[in-house]
Amino acid sequence: MDTGFIKIDPGLDYEKICEQIEPAARIIAEGGLVAFPTETVYGLGANALNEDAAKKIYAAKGRPSDNPLIIHIADIDSLYEIGKDVPDAAIKLAKAFWPGPLTMIVNKKDNIPYTTTGGLDTVAVRFPSHPVARALIQKSGCFIAAPSANTSGRPSPTLAKHVTEDMNGKIEMIVDGGECNIGLESTIVDLTDSKPVILRPGYITLPMIKNLLSECEVDPGIIAADSLKKPKAPGMKYKHYAPKAELTVVDGSEDAVVETINRLSDELRKNGKKVGIIATESTIGRYRGDILENIGSRDDEETIARNLFAVLRDFDEKNVDRIFSESFESPNVGQAIMNRLLKAAGHKVIKAD
Ligand code: TXA
Ligand code: MG
């Protein structure tokens with residue numbers, strides 16, 4: 234298949250964006266696949282109510298069919314056309330965080346096909362804030378089912394060129410809207426039980442949600458490495474974000490981390506291996522490796538979040554044999570960063586002190 238490619242500047246007037254999105258919107262309405270930018274990561278979209286279209290998403294990504302898709306909407310009212318018995322908590326969260334990087338799980342209405350929900354009676358819904366995403370949903374006249382636009386298992390795309398790497402020739406069109414601002418996928422909150430549960434950490438954090446709902450917890454399966462605690466979001470159990478080379482996270486005081494990574498790197502390089510290192514602004518100058526990636530300043534979690542997936546993909550391009558990363562423990566967006574990094578590392582962590 235020839236994949237069409239259009240570029241839209243998200244800074245344009247919304248009306249102009251709506252004009253330029255027309256060919257992509259037509260493809261969605263006709264049952265095809267379009268990759269498009271959102272504020273979190275690029276999505277791979279199809280008409281959520283068209284089973285054949287949804288099936289094509291699974292095929293293009295190589296995604297297991299039991300892993301449900303998020304349905305994207307362009308106004309809060311659409312939540313009631315998709316969800317059944319939508320709880321008050323959902324309205325509170327929608328008013329506070331939509332449009333934005335929050336996905337809510339509610340019970341599904343009968344019109345939502347099981348192909349889209351991976352066989353579940355619940356459905357994930359998100360109203361993205363990115364103007365290109367909103368224009369695509371509005372102009373297509375569809376609810377758009379969209380997972381991240383990567384091949385299953387690879388880091389999520391935060392630039393159109395990442396989407397091209399994974400999807401060229403497999404989908405009808407890629408819409409380039411520049412870099413995704415947040416860079417990590419949306420926070421997922423399950424509202425189908427008596428207590429709200431965060432199934433995937435993201436830019437909207439537990440304290441932000443607790444401010445509104447008083448009760449909310451984080452699914453223990455998210456951080457746990459052991460397979461006994463199965464995460465509740467089906468997608469969280471799969472190997473994810475993994476670069477081709479083995480990645481190890483090194484945790485401890487700054488000096489101990491630098492020393493440990495350098496020692497391991499020296500050994501590997503002596504044996505002819507190419508070593509990649511993920512470091513921060515203050516430490517990057519202290520490392521010995523072949524490819525050193527500065528992911529940002531430790532005081533600026535948002536930049537680290539925005540860079541993470543691009544850095545992981547970069548190592549694939551540069552064919553490194555081993556990767557070491559510093560650790561990014563923190564209570565806020567740091568939790569989402571660590572969640573993705575630990576998954577990419579298959580939970581391999583070395584304590585440096
Ligand atoms: O930021 C995002 O959420 C991006 C952009 C494109 O919107 N989308 C995204 O989709 O990350 P995806 O498919 O890569 O991740 C969706 C996650 C998966 O882990 C899936 O298992 C979970 O959401 N999920 C979807 N529906 C669910 C449901 N009904 N119950 C529990 N988990 C669900
Ligand atoms: Mg994904």
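Quick note: the sequence shown uses the numbering used here, first residue 234, plus one each step.
Here a beta-carbon is modelled for each residue, glycine too, at the ideal position from N, C-alpha and C.
None of these values were measured; they are calculated from a predicted model.
Check                                                                                                                                                                  : Outcome
Does the distance from the CB of L445 to the CB of K325 come in under 8 Å?                                                                                             : yes
For P243, verify whether its CB is less than 7 Å away from any heavy atom of the ligand TXA.                                                                           : no
If we call anything under 8 Å between Cβ atoms a contact, is V339 one with I304?                                                                                       : no
Counting pairs of Cβ atoms below 8 Å between the region 275 to 290 and the region 320 to 334, do you hit three or more?                                                : no
Quick check on the burial criterion: 16 or more other C-beta atoms within 10 angstroms. Buried or exposed for N540?                                                    : buried
How long is the line joining the alpha carbons of N565 and L439, rounded to whole angstroms?                                                                           : 8 Å
I need the straight-line Cα distance from S563 to I421, nearest angstrom please.                                                                                       : 19 Å
Please determine, among A262, P380 and F238, the residue with the shortest C-alpha to C-alpha distance to G276.                                                        : P380
Which runs of the beta strand (DSSP E) spanning at least 3 residues fall entirely within the region 356 to 438, listed in chain order?                                 : 406 to 409, 420 to 423 and 430 to 433
Which of the three DSSP states is assigned to N565 in this structure?                                                                                                  : coil
On the CB-based measure, 16 or more other CB atoms within 10 Å of its CB, does E272 come out buried or exposed?                                                        : buried
Should A286 go down as buried or exposed, given a rule of 16 or more other Cβ atoms within 10 Å for buried?                                                            : buried
Have a look at S311 and H473 and give me their C-alpha separation to the nearest angstrom.                                                                             : 30 Å
Return the chain-ordered ranges of every alpha helix (DSSP H) run that is complete within the region 277 to 331 and spans a minimum of 4 residues.                     : 284 to 294, 312 to 315 and 321 to 330
Evaluate S373 with the Cβ neighbour count: other Cβ atoms within 10 Å of its Cβ, from every protein chain shown; 16 or more gives buried, anything less gives exposed. : buried
Determine whether the beta carbon atoms of A577 and L525 lie at a separation below 8 Å.                                                                                : no
Can you tell me which of V319, E559, I510 and E405 puts its alpha carbon nearest to the alpha carbon of A382?                                                          : E405
Return the first residue and the last residue of the beta strand (DSSP E) that D452 is part of.                                                                        : Counting along the chain, D452 falls outside any beta strand (DSSP E), and DSSP gives it neither H nor E.
From I517 to N527, what distance separates their C-alpha atoms?                                                                                                        : 6 Å
Hey, how far is the Cα of T355 from the Cα of K341?                                                                                                                    : 5 Å
In angstroms with no decimal places, state the Cα-to-Cα distance between P476 and A262.                                                                                : 35 Å
K240 by DSSP, collapsed to three states: which one?                                                                                                                    : strand
Candidates G278, S362, D235 and L369: which alpha carbon is nearest E255's?                                                                                            : L369
State yes or no: is the C-beta of F269 within less than 8 Å of the C-beta of A257?                                                                                     : yes
Any idea which residues DSSP pairs N444 with across the strands?                                                                                                       : N444 pairs with nothing; no bridge assigned.
Less than 7 Å separating the Cβ of L353 from some heavy atom of the ligand TXA?                                                                                        : yes
Where does N344 fall in DSSP's three states?                                                                                                                           : coil
Is the beta carbon of P467 closer than 8 Å to that of P301?                                                                                                            : yes
Regarding S427 and the ligand MG, is the C-beta to nearest heavy atom distance less than 7 Å?                                                                          : no
In whole angstroms, what separates the C-alpha of T349 from that of C375?                                                                                              : 14 Å
Examine the Cβ distances between the region 381 to 396 and the region 244 to 254 and report whether three or more of them are shorter than 8 Å.                        : no
Below 7 Å, is the gap between the Cβ of E418 and the nearest heavy atom of the ligand MG?                                                                              : yes
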